[in-house]
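Protein chains: 2
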Amino acid sequence: MIQSRPDRYARVDGYILETRALFENMRIGLTASAALLLASQAVSQTQNGLTVMPVPTSVRPGTGRLAVDPSFSVAVTGFKDAAMERGIGRFVAELSRETGMLLKQKTAGSASPTLLIHTGHGRESVQRLGEDESYELAITESGAKLTAPSPLGVLYGLQTFLQLVETTPNGFSVPAVTIDDKPRFAWRGLLIDVGRHFIPLDVLKRNLDGMAAVKMNVLHLHLYDNEGFRVESRRFPRLQEAGSDGLYYTQAEIREFVAYAHDRGIRVVPEFEMPGHSRSLFAGYPELASGPGPYKVEPGGADAVMNPTREETYKFIDKFIGEMAELFPDEYFHIGGDEVNGSQWDANVTIQAFIHSHGMKTNQDLQAYFNQRLQKILNKHHKIMMGWDEVLHPDLPRTVVVQSWRGQESLANAARQGYNSLLSFGYYLDLIWPASRHYAVDPMSGGAALLNPEEKSRIIGGEACMWSEWVTPENIDSRIWPRNAAIAERLWSSPEVQDTGAMYARLDKLSRRLEWLGLTHRSSVILALYRMAGTNDITALRTLADVIEPVKDYTRMNSVKTVWDFRAPLFFLVDIAPPESDQARHFREAVQKFIGSGYKDKATEGEIRTRLAAWRDNDARLHPLLEQSFLLNELAPLSEDLSTLAAAGLLALDYFDKSVPSPNSWRVQQLALVERAKTPKADLLLMVVEPSRQLIEGSGEQTR
Amino acid sequence: MIQSRPDRYARVDGYILETRALFENMRIGLTASAALLLASQAVSQTQNGLTVMPVPTSVRPGTGRLAVDPSFSVAVTGFKDAAMERGIGRFVAELSRETGMLLKQKTAGSASPTLLIHTGHGRESVQRLGEDESYELAITESGAKLTAPSPLGVLYGLQTFLQLVETTPNGFSVPAVTIDDKPRFAWRGLLIDVGRHFIPLDVLKRNLDGMAAVKMNVLHLHLYDNEGFRVESRRFPRLQEAGSDGLYYTQAEIREFVAYAHDRGIRVVPEFEMPGHSRSLFAGYPELASGPGPYKVEPGGADAVMNPTREETYKFIDKFIGEMAELFPDEYFHIGGDEVNGSQWDANVTIQAFIHSHGMKTNQDLQAYFNQRLQKILNKHHKIMMGWDEVLHPDLPRTVVVQSWRGQESLANAARQGYNSLLSFGYYLDLIWPASRHYAVDPMSGGAALLNPEEKSRIIGGEACMWSEWVTPENIDSRIWPRNAAIAERLWSSPEVQDTGAMYARLDKLSRRLEWLGLTHRSSVILALYRMAGTNDITALRTLADVIEPVKDYTRMNSVKTVWDFRAPLFFLVDIAPPESDQARHFREAVQKFIGSGYKDKATEGEIRTRLAAWRDNDARLHPLLEQSFLLNELAPLSEDLSTLAAAGLLALDYFDKSVPSPNSWRVQQLALVERAKTPKADLLLMVVEPSRQLIEGSGEQTR
């Protein structure tokens, strides 16, 4: 059987169902997001008056401000080492970029430094889960003091300080404030899938810098999948030679990368998928597979799973894990274990005979047997085993950590059964949800809300997941950022921090700041639009691109005609457009405000009109450009929809202005256009449909 | 005597005078640029129908186009080595970025490759001046062939291919064409001053990539100046230890950097300034100086020159040059030699005695003596000596190369006296001229036009100069690019290529392409505006920033109140704003077109109105922002001027529309506003003053 797409996509319905439950009475997707926004209208100012993200545990405002000027200096008392110096060096460099001042690192015995840092002891050579990450940052008009039990807290406190810097009429400064801060969860991760599309280390590094900025502490590298094997093995070199297109990390690069992450307070947890999702292994070592092969890394290749009945398989695994366990010093080691397609096991007579001769009943039992053996191998190499939901089986020791991608119910199950577990369900960045939707997912809500305190303590955090079916080095930043910061805040801040409007205010500011780190989530979009247009004037194209979003969930994968080709260029607007349209969000907010005013708020109406007029006139401007580029001509219907919708919205406003309800027949006609505009085109959604519909509907009801 | 600014600034009048001569009857500066633009209105399409920059020597159009799609492949016949592979690798990577396709480097024996490369032999391990840089690129519908005698030509041909790629309705493709190309001058350089402000190697590297894109072949590194010494010496470590703020290149870094440049066909020529501009040397080795010291690297430090009368000086120089001659493999070695301030020599009795006892008359004679000794030392270390104008002296051998910064007359003088020479006068990027003004400077015009053929052959090229008084790693790209490409074209293309309008069309496209190389000349401006505003909405600020330019020539340096402080932050709009406003240029062009139509072109009038209306309304929008930021409040008068001027322009248009001449009294009043708006504010010039004046003036004369 030819596998047309990864199994994960077969489970779409299951997801959506659970999501539905989560959002309870809210309508899912856009509507849910709009509802959340509506709910948050009242409180649009930022939490504590600060825009630090994630929101700190405790903030006590002081009086006045501390200037940040060219005389800025840092001093350190207590423990100090080279890693700390590097951390302060990065802080000073970033402060320089942020302010445009040519600040130097001056740590040596400054008498009255601007910032005094004190910490008690050094860091462990390998960062452990659950180290003390707390810090206290006390800022007065005359100076700042950052105190933390460990240098980890110092790193976090420095990030907080950077986020406090503001441009004021009197110079750059930070507000006087005392912040006590520590994370809610010990495991705050981001998974990046480098298997399906290779992501170069410089791109990963700037994402580490972004993670550090939002106090995330685990980078989970999904190091291979069916489409490619991405790390050099010296014991089994055909893994990378036959299993990749030449794009993989050398061991020297991995070591340097792990050190780079460690410097930033980030653990690197490797994932080596077994026994499924591992076709790229079999390209070089077909004897590991359950089927006859041959195996190649190519689009639409045969499904393949390891053969857990041969002793040679475990010998390979032992040697391979031994090598990788040394390369990746973290205590945790992820073995995947998800979505094992049983067809190869079913088709293999020897494997079936093995199952029966060992008293097992199902393929699941065979996977459990495999996992038990795996766990022993990991144990031998001093690693704690992690796996996805499917590894959960009564025969496994309770030391295994379960990562839940299937739902909050399975997270709670794992915790109830005694396993440490973390949540990734609800945090899949590749599903192209709005930040607000991820933000609403709490590891302790859903099934976990019913756990007792001991069981709850087993929920150790969560991980955002960047699966890379549709991700390249060019667009990955825009898929991760800024939305990942909302998940980072969910995992760091108090569960009471819930105000979506305030979250977006912080996110908007942070998104801009992340650019100083070299992240390209904003700039890459512009460059790609220029490429698509092939010309210097992209004004009209940007107007359209600013109000669309890629389709959500697995819609795009399910619309692939034959097989998903991971080698195909990703250069269409769906690949480029940010997952969340800020302009559409602001437009929705404005329409809500206008409706909330009983259609009386003239200033807001003016804003709405300006936008609508620009959109109405845009199609005529954009049309010639769309015809000039093979990358753009699929956008023609979308551009027409935008203009049509905007024209209807303007007419609706005219009815409000005249205080005359719109005729029913007109509304019926316009709402048909709304329906048409709801349909995705070129795998893109027009994100101003719903507020336009509200204006049209409202124009019938209004009495002014 | 405290030196308030480098001597170079004392010579401003001399410059301007010569510039005046150069532009003959044109008014200098803005007016000259406007006049050039006016002259080029007629031919606004691009040279040969292509947008390759620099314009190739010969272009023969073919029929049809060659597709550039995911099957793109490259094959090599003839000579091949690792450097060539790397070059092709960079080409494929850039083509991938440019197209968004995940292209792989497939060079091995492709049967019918998209691009076939043939070259005869390998490159010299040290690139020489005057190597054959020619190439032929023949593109048909079925494939492309790139032939070059040396891999240098291959590198250039690949750059040309990249620039030919276009987005079309049917995919990416290049036009069928045959291009024969070779440079006009052998020395096409860019000087970067890393002494006054340190520029990190990653910034220099992306500028090397930019140079390679426009076929420049020399990076001249001005490695120290009074403000800092930037390269590690192992023999004299106090050079970098006492002579810098810790910011310098290690020898290992230099070696890697030189190899990086060599891979891209770029020579690295080091400059070590002697005997002047060298205060940073004396911080560690005061015994080299002519005055008693002490010497420190700090703003406003004492002027200082080497002591050429002590034998120890030459012992130092011999050892130091020996070390640097090995580190920098290029055949040429620049010893500076400009602007020797005689005051220290005058004040030193021993030096004066030396002059008299050796039968010399002036300090100039002493410098010539110094240079002769220097030349012998360089000779011993197998280097050809280069120096600025001032080294020219009858006693020096004719092997010395003279770099002319004082004017085209001194360039011609050097050539006449038998010296190889190159032009930098007219190519100073730090003077913030428009690209068109640099473009109009030809090494063979001015004094050189009168030389005989043999003398002319001694003019070997030119060098753009990026002096870094006002330059940081943040803004350097925007000071160099895209204007440097106009100079690159002047030095590569035929002297007949003169059309300024066509040059700007190429430059606009190239400027965008340069971003794929990681150059930040466009993106850095946006980031800095966000910093200055401290808020997410910078629309109104951009509207103002888009029509201003920093003051020209040395105006800014001359307006420094006490001493120029090279440590001061460079974060004002004058530091951020691009040297040339594209919007203002387009506005000037539109107004010219409108005037040229006898004020009848309604479409153009509409465009002008739209812009004027936006500017008129901008001050009200921008004003609140200006009050919030210490970096912005100095812009208030400028913002007012823009709105006032735009309002006047709109009224002028109204007179045209009514076919009624504007009253004289009104014009007098408006022209007073124009005068006010001409004055620089915050070291910035409003670049739409002149076209606004033309509209106002014109409204009085018109009969429609």
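So the sequence lines, in the order shown, correspond to chains A and B.
Note that my numbering numbers the first sequence so that position 358 is 362, with each residue one more than the last.
Note that my numbering numbers the second sequence so that position 36 is 40, with each residue one more than the last.
Backbone N, C-alpha and C fix where the C-beta goes; we use that ideal spot for every residue, glycine too.
Just so you know, these numbers come straight off a predicted model, no measurement behind them.
{"Asked": "Test: arginine 571 (chain A) CB closer than 9 angstroms to a CB of chain B", "Found": "yes"}
{"Asked": "Exposure label - threonine 4 (chain A); buried when at least 16 CB within 10 Å", "Found": "The requested residue 4 (chain A) is not part of the displayed model; chain A covers only 5 to 708."}
{"Asked": "Within-9 angstroms CB hit, alanine 3 (chain A) to chain B", "Found": "Residue 3 (chain A) cannot be examined here, being either before or after the span of chain A that is shown, 5 to 708."}
{"Asked": "Pair within 9 angstroms by beta-carbon distance, tryptophan 670 (chain B) and leucine 646 (chain B)", "Found": "no"}
{"Asked": "Host beta strand (DSSP E) of methionine 389 (chain B) (start-end)", "Found": "388 to 392"}
{"Asked": "Cβ neighbour criterion (16 or more within 10 Å) applied to serine 48 (chain A)", "Found": "Residue placement at serine 48 (chain A) is poorly supported in this model, since its pLDDT is 33, which falls under 50; the coordinates are not used for a value here."}
{"Asked": "C-beta contact flag for histidine 201 (chain B) and serine 472 (chain B) at 9 angstroms", "Found": "yes"}
{"Asked": "Unbroken alpha helix (DSSP H) run spanning aspartate 322 (chain B), endpoints", "Found": "315 to 331"}
{"Asked": "Buried versus exposed call for asparagine 637 (chain A) [16 or more other C-beta atoms within 10 Å across all chains shown]", "Found": "exposed"}
{"Asked": "Rounded C-alpha distance that separates asparagine 622 (chain A) from serine 643 (chain A)", "Found": "8 angstroms"}
{"Asked": "Opposing strand residues paired with histidine 224 (chain B) [DSSP bridges]", "Found": "B:Leu195, B:Val273"}
{"Asked": "is_contact[leucine 545 (chain A), chain B] using C-beta, thresh 9 angstroms", "Found": "no"}
{"Asked": "Every unbroken beta strand (DSSP E) inside the region 673 to 700 of chain B [3 residues or more]", "Found": "688 to 690"}
{"Asked": "Pairwise C-alpha distance: methionine 448 (chain B) and tryptophan 392 (chain B)", "Found": "18 angstroms"}
{"Asked": "Exposure label - leucine 690 (chain B); buried when at least 16 CB within 10 Å", "Found": "buried"}
{"Asked": "Any 3 or more C-beta pairs closer than 8 angstroms across the region 166 to 184 of chain B and the region 477 to 489 of chain B", "Found": "no"}
{"Asked": "Own chain, CB closer than 8 angstroms to lysine 108 (chain B), minus 5 neighbours either side, in chain order", "Found": "Val96"}
{"Asked": "Beta carbon proximity, arginine 101 (chain A) to chain B, threshold 9 angstroms", "Found": "yes"}
{"Asked": "Within 8 angstroms of chain B by C-beta, residues of the region 629 to 644 of chain A in sequence order", "Found": "Glu631, Gln632, Ser633, Phe634, Leu635, Asn637"}
{"Asked": "CB contact flag (methionine 390 (chain A), phenylalanine 332 (chain A), <9 angstroms)", "Found": "no"}
{"Asked": "Residue-chain proximity (tryptophan 568 (chain B), chain A), Cβ-Cβ < 9 angstroms", "Found": "no"}
{"Asked": "CB of leucine 654 (chain A) within 9 angstroms of CB of alanine 617 (chain A), strictly", "Found": "yes"}
{"Asked": "Buried versus exposed call for histidine 360 (chain A) [16 or more other C-beta atoms within 10 Å across all chains shown]", "Found": "exposed"}
{"Asked": "Same chain, Cβ closer than 8 angstroms to glycine 1 (chain B), neighbours up to 5 away in sequence not counted", "Found": "Residue 1 (chain B) lies beyond the stretch modelled for chain B, which goes from 5 to 708, so this question has no answer here."}
{"Asked": "Beta-carbon separation (whole angstroms), valine 406 (chain A) vs alanine 418 (chain A), contact threshold 8 angstroms", "Found": "4 angstroms"}
{"Asked": "Beta carbon of isoleucine 491 (chain A) nearer than 9 angstroms to that of phenylalanine 189 (chain A)", "Found": "no"}
{"Asked": "Partners in chain A for methionine 105 (chain B), counting only beta-carbon separations shorter than 7 angstroms", "Found": "Pro573, Phe575"}
{"Asked": "Neighbouring residues, chain A, relative to alanine 719 (chain B) (Cβ below 8 angstroms)", "Found": "Nothing can be reported for residue 719 (chain B): it is not among the residues displayed for chain B, which extend from 5 to 708."}
{"Asked": "Aspartate 322 (chain A) to isoleucine 381 (chain A) span [Cα, whole Å]", "Found": "6 angstroms"}
{"Asked": "Cβ shell of glutamine 163 (chain A) (< 6 angstroms), same chain only, five flanking positions each side left out", "Found": "Ala217"}
{"Asked": "Closer than 9 angstroms at the beta carbon, the chain A residues around threonine 504 (chain B)", "Found": "Under the 9 angstroms cutoff, chain A gives no residues; its nearest Cβ is about 17 angstroms from threonine 504 (chain B)."}
{"Asked": "Inter-residue spacing [alpha-carbon to alpha-carbon] between aspartate 184 (chain B) and tryptophan 520 (chain B)", "Found": "26 angstroms"}
{"Asked": "Residues of the region 240 to 272 of chain B with Cβ closer than 8 angstroms to any Cβ of chain A, in chain order", "Found": "Asp249, Gly250"}
{"Asked": "Chain-ordered neighbours of leucine 531 (chain A) on chain B, where CB pairs are closer than 8 angstroms", "Found": "Glu519, Trp520"}
{"Asked": "Cβ of threonine 476 (chain A) within 9 angstroms of any chain B Cβ", "Found": "yes"}
{"Asked": "For phenylalanine 634 (chain A) and threonine 172 (chain B), believed in contact at Cβ under 8 angstroms, the rounded distance", "Found": "7 angstroms"}
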